[in-house]
Amino acid sequence: LFSLIFDLEEERLKAEISKRKAKRVLIQLPEGLKPVGPRLAEIVEEAGALPIVSADPCYGACDIAISEAKNLKADLIIHYGHTEAVKAKIPTVYVEARAKVDVSKILEKALENLSPWSRIGIATTVQHIHMLDVARKILTKAGKTVIIGDAGHVKYPGQVIGCDYSNAEAIADDVEAFLFIGGGKFHAIGLALATMKPIIAVDPFENRIHPIADDVKRILKQRFMCISEAKEAESFGVLVGLKIGQIDMKAAMRIREYLKEDGKKVTMLAIREITPESLMEFPSIDAYINTACPRVAIDDASRFHKPILTTNEALVMLGKISWETLLNKGWFKHFI
Ligand code: SF4
């Protein structure tokens with residue numbers, strides 16, 4: 059089923075292994091694609107290498123299993139579902155897992171939702187990046203002015219990832235609304251937080267348009283409450299991510315310094331998977347600042363028993379930037 063929906067590039071996989079004469083291959087898959095692991099392992103084995111499938115969670119291109127590959131003495135990593143975002147010292151092949159679903163039908167339907175606006179930005183994930191042209195044509199034919207941003211941070215113009223909406227931010231002032239193409243609400247919500255524009259989120263897998271305005275309102279209210287609650291805290295845990303693309307020692311050190319200046323107690327915590335269970339092991343800590351993946355605090359705050367803030371939200375709490383700046387400049391800008 060998965061190979062009907064996503065292009066797993068099996069022939070390229072074989073060719074890469076032969077070309078590189080790889081002997082031991084670590085295969086990394088995002089959560090939704092894990093079920094194809096055993097099948098891909100067979101292909102790797104047929105190509106003459108020992109396959110090892112990583113069973114650890116993998117949510118983004120920030121999480122390339124470099125140290126795991128080193129420990130396993132693997133000579134190649136095959137990473138599915140994301141584009142390159144970190145420089146790996148072990149040869150890494152990225153397979154984008156493009157979706158083989160057509161977007162035209164749902165886009166025709168979305169024209170109705172887009173009727174209040176004439177200047178539209180388009181954004182999507184790498185899985186649908188080949189559909190940008192189709193989308194542009196449909197919208198242009200309907201009389202819209204279409205803009206696709208290219209800030210040069212990610213691989214493709216118009217592409218967004220969970221914590222990088224720079225392509226959309228670059229054109230936010232020039233458009234009235236965004237059309238987002240992709241599964242679920244996660245990236246569409248990120249796009250809204252990054253640009254504060256109306257988002258029409260078309261999901262080509264479910265063939266439907268997700269309403270996200272209420273989710274965004276709820277998240278903003280909750281983030282404001284979380285910042286206010288954290289202001290009352292005396293003792294903070296500053297989380298430093300251990301995933302290669304999430305380590306931000308500079309931000310962690312700066313936040314530590316600011317908190318100490320404010321007379322707060324600070325413990326630096328190194329962590330790979332940020333879960334409520336891991337944080338519950340530190341009952342004396344009142345609140346957490348997470349300098350790793352910003353989506354943990356934004357999307358999962360209700361699962362945590364103590365307030366957990368992103369780096370930018372911590373800057374608001376500490377009075378270094380205002381709440382309005384966070385709203386206007388976008389949730390994913392780097393202020394440190
Ligand atoms: S840091 Fe978070 S949002 Fe960004 S790529 Fe990694 S998992 Fe995705």
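Residue numbers (the numbering used here): 59 to 394.
Ideal Cβ positions, reconstructed from N, Cα and C, are used throughout, including at glycine.
Since we're looking at a predicted model, the values are computed, not measured.
Item: Test item: CB-CB of Ile196 and Ser173 under 8 Å; Value: no
Item: Burial state of Arg314 (16 or more Cβ within 10 Å); Value: buried
Item: Anticipated Cβ contact below 8 Å, Asp344 with Ala291, distance rounded; Value: 4 Å
Item: Asp232, enclosing alpha helix (DSSP H) - first and last residue; Value: First-last for Asp232: undefined, no H or E at that position.
Item: Under the three-state DSSP convention, the category Gln217 falls into; Value: strand
Item: Of the residues Ala355, Val212, Glu170, the one placed nearest Ile258, counting alpha carbons only; Value: Glu170
Item: Gly321 classed as buried or exposed, judged by whether at least 16 other C-beta atoms fall within 10 angstroms; Value: exposed
Item: Straight-line Cα distance separating Glu339 from Pro215; Value: 43 Å
Item: First through last residue of the beta strand (DSSP E) which encompasses Phe294; Value: 293-299
Item: Extent of the continuous beta strand (DSSP E) to which His245 belongs; Value: Unbroken run through His245 is the alpha helix (DSSP H), 244-253; no beta strand (DSSP E).
Item: Pro481 burial status per 10 Å Cβ neighbour count (16 or more: buried); Value: The displayed coordinates of the chain run from 59 to 394. Any statement about residue 481 would go beyond what the structure contains.
Item: Whether Ile122 touches Thr150 by CB criterion (8 Å); Value: yes
Item: Beta strand (DSSP E) runs contained entirely in the stretch 293-371, provided each spans 3 or more residues; Value: 293-299, 323-329, 345-348, 366-368
Item: Per DSSP, cross-strand counterpart(s) of Ala181; Value: Phe238
Item: Simplified DSSP assignment, three categories, for Ala288; Value: helix
Item: Beta-bridge pairing of Arg266 - partner residues as DSSP gives them; Value: Asp261
Item: Leu172 - DSSP class collapsed to helix/strand/coil; Value: coil
Item: Nearest-angstrom Cα separation, counted from Glu89 out to Pro115; Value: 6 Å
Item: Beta carbon of Ala157 nearer than 8 Å to that of Ile302; Value: no
Item: Classification of Ala59 by the beta-carbon crowding that lies within 10 angstroms, buried from 16 upward; Value: In the sequence under discussion, the amino acid at residue 59 is Leu, which differs from the Ala named in the question. Exposed, since its Cβ has fewer than 16 Cβ neighbours within 10 Å.
Item: Nearest-angstrom Cα separation, counted from Val374 out to Leu317; Value: 12 Å
Item: Rounded Cβ spacing between Val83 and Leu134 (contact assumed at less than 8 Å); Value: 5 Å
Item: Ser76 burial status per 10 Å Cβ neighbour count (16 or more: buried); Value: exposed
Item: Neighbourhood of Phe17 by C-beta distance below 6 Å, restricted to the same chain and skipping five residues each side; Value: Residue 17 lies beyond the range of the chain shown here (59 to 394); nothing can be said about it.
Item: N-terminal and C-terminal residue of the alpha helix (DSSP H) that Arg194 is part of; Value: 190-199
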